Amino acid sequence: MRLETRAPGKINVCLYLGPTRADGRHELVSVMQSVTLADRLRLEAGDGRDEVDCPGVDGDNLVTAAMERFRAATGWSGEAVRISIDKRIPIAAGMAGGSADAGAALRLLARASGIEDRELLHEIATALGADVPAQVRPGRVLATGAGEQIERVPGVARYAVLVVPAEGPLLTADVFREADRLGLARDAAGLDAALRDVRAGLPDLPDALCVNELEPAALSLRPALEQTLAQVREAGADVAMVSGSGPTVLGLFRDVKAGKAAKAHFPGAKVAKPVGPHGGEVLAA
Ligand code: ATP
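Residue numbers for the sequence shown follow this note's numbering, beginning at 36 and rising by one.
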């Protein structure tokens, strides 16, 4: 049996930062959108034990954890599998590449095992990390809680996303810590107000609501990103923002042609577009 799927990266079209919960995670309100910049995953028969092959990622892989949790939660005792990952999403760049891979691995395992139980997959995904549930089925979602409460927002936005990579990673935990040091988080009432505004602005948020409240923390740790943001604005982006916890910078271009043209000004940049659930279809390889 050989199956494959794509793991679309995600952008946070907005991210409003709220208070810290008892479990230490920040509450947030975020519209997450999957994009065509995607890793490729293939599942095939393994050699006696479950394995993950993921060139470019050292250390523990979230897909290994996804396989272990899938077997434990479902009791599936099918033969060992190997999942190979072709990384295209920049690593530790604020596009949730690891979470996207974990979500994609769960789709592959669900198909391979015949256990396509959405609620159970959501539970497994939540245990893997706050960003994973939104990636089990790509598309556009409104995420609340610490990111694990997902409401799907139908339709696919029509803008070009200029993805400008930056040198070196920014660790999500460091960026949240810096946000705390800077006192960036809203209180509960402030976060409720943000949620009301965002709901009223859906499905396609107006530019004024496309705000990343983690951005000042990322800029504090990486001041050079200010210049990239300015250049993306100058190149004609309707919205320029740091992606998630950074350091990738995004430009949203309502004029798709202008977005494609802007790419030439940024070495290593890519142009992606939003995708819906079909962006994560599982196919026979
Ligand atoms: P997020 O936005 O979800 O916090 P990110 O986009 O900033 O994440 P990732 O690319 O998901 O960052 O990587 C974060 C860390 O996770 C990396 O340092 C990497 O070592 C580890 N990791 C584990 N599994 C993977 C994977 N399959 N792909 C990428 N990174 C992985």
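Glycine included, every Cβ here is placed at the ideal spot set by N, Cα and C.
From a predicted model like this one, the values you see are computed outputs, not experimental measurements.
Looking at the structure shown, is residue i part of a helix, part of a strand, or coil, going by DSSP?
i: Leu143; result: helix
i: Glu151; result: coil
i: Met130; result: coil
i: Phe407; result: Summary: the structure shown does not reach residue 407, with the chain confined to residues 36 through 320, and so no result is reported for it.
i: Ser65; result: strand
i: Ser251; result: According to the sequence shown, residue 251 is Pro rather than Ser. The answer is helix: DSSP assigns Pro251 an H, G or I state.
i: Val291; result: helix
Under 8 Å between the Cβ atoms of residue i and residue j?
i: Arg257; j: Ala181; result: no
i: Ala115; j: Asp85; result: yes
i: Gly281; j: Ala297; result: no
i: Leu249; j: Gly279; result: yes
i: Arg73; j: Gly113; result: Position check: residue 73 holds Ala in this sequence, whereas Arg was assumed. No, these two residues do not count as a Cβ contact at 8 Å.
i: Thr207; j: Val64; result: no
i: Tyr51; j: Ala235; result: no
i: Met111; j: Ile159; result: For clarity, residue 111 is Trp in the given sequence; the question names Met instead. Not in contact: Trp111 and Ile159 (Cβ atoms no closer than 8 Å).
i: Ala100; j: Leu163; result: yes
i: Arg77; j: Ser119; result: yes
i: Lys45; j: Ala139; result: no
i: Asp88; j: Arg123; result: no
At the level of alpha carbons, what is the spacing between residue i and residue j?
i: Glu186; j: Asp232; result: 16 Å
i: Ala165; j: Val191; result: 23 Å
i: Val70; j: Leu38; result: 21 Å
i: Ala127; j: Val98; result: 15 Å
i: Leu260; j: Asp242; result: 20 Å
i: Pro238; j: Gln184; result: 17 Å
i: Leu177; j: Val66; result: 5 Å
i: Ala42; j: Pro312; result: 11 Å
i: Arg106; j: Asp121; result: 23 Å
Using alpha carbons as the reference points, say which of the options lies closest to residue i.
i: Asp209; options: Ala195, Thr55, Ser255; result: Ser255
i: Arg289; options: Arg117, Phe211, Val274; result: Val274
i: Asp293; options: Ala195, Lys305, Ala229, Met276; result: The amino acid at residue 293 is misidentified as Asp; the sequence shows Ala. The candidate whose alpha carbon is nearest that of Ala293 is Ala195.
i: Leu285; options: Cys49, Met36, Glu39, Leu38; result: Cys49
i: Arg221; options: Lys45, Ile46, Gly53; result: Gly53
i: Gly203; options: Leu240, Ala42, Pro125, Ile159; result: Pro125
i: Lys56; options: Ala223, Arg117, Cys245, Leu163; result: Sequence check: residue 56 is Arg here, not Lys. For the residues Ala223, Arg117, Cys245, Leu163, the minimum Cα distance to Arg56 belongs to Ala223.
i: Gln68; options: Arg77, Cys245, Leu205, Ile150; result: Cys245
i: Arg216; options: Pro309, Ala160, Ala253; result: Ala253
i: Pro309; options: Asp88, Glu183, Val291; result: Val291
i: Leu205; options: Ala307, Arg106, Val66, Ala131; result: Ala131
i: Arg193; options: Arg75, Asp58, Thr40, Val306; result: Val306
Does the stretch 304 to 319 come close enough to the stretch 136 to 144 to have 3 or more Cβ pairs within less than 8 Å? yes
Could you say if the stretch 197 to 207 and the stretch 260 to 273 meet the contact criterion of at least three C-beta pairs nearer than 8 Å? yes
Three or more C-beta pairs under 8 Å: does that hold for the stretch 158 to 176 against the stretch 78 to 93? no
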